[in-house]
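In our numbering, the protein residues as written are -11 to 114.
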C-alpha cells in the first residue's frame, strides 16, 4: 500500500509519497481540483494501490476554518472517486516546511515538503 500526502491549497497543492519506509516530496499541482484528480489518477496507475492523507487545517484550538471545510468538501469528491481518505491535522506543517526548504525555494517546494510533514505525522514518524 502506498500513501500519498496532500497539503491542499487554493493555488498550489503539495504532494508527497510514502514508499518502502521513506517519505518523498512530489511535484506540487498548480490549479484546480480537476488537475489534482488527474495527478492522483496518474499516481494510482504508477503505484497501483494508494490511500490518501489530507492535511486538515484547524485552528490552534482545534476549530474548523473556511479552508478546512474546503478540504473536507474535496475529501468527499475523492471518496466519490473511489479513494480511501484519511485526515491528519496540519497545524504548523507549512511553517516547518518553510524552515526546511529555505527562502529561495519556498514557492516551488514548500507545499510538497508540508505534505511530507503531514505524512510523517500520520505515520507517527515525527
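Cβ coordinates follow ideal geometry from the N, Cα and C atoms, glycine included.
- Excluding its 5 nearest sequence neighbours in each direction, residue 25 has C-beta neighbours in its own chain below 7 angstroms: 69, listed in chain order.
- For residue 37, no beta strand (DSSP E) run applies, since DSSP gives it neither H nor E.
- Comparing C-alpha distances from residue 67 to each of 77, 41 and 107 shows the shortest one belongs to 41.
- Collapsing the DSSP output to three states places residue 77 in a strand.
- Nearest in C-alpha terms to residue 13, of all of 100, 113, 28 and 110, is 100.
- Its chain contains -10 as the residues whose beta carbon lies nearer than 7 angstroms to that of residue 35, once the 5 sequence neighbours on both sides are disregarded; these appear in chain order.
- When C-alpha distances from residue 45 are compared across 71, 38, 59 and 33, the shortest belongs to 59.
- CA-to-CA, the gap between residue 108 and residue 4 works out to about 10 angstroms.
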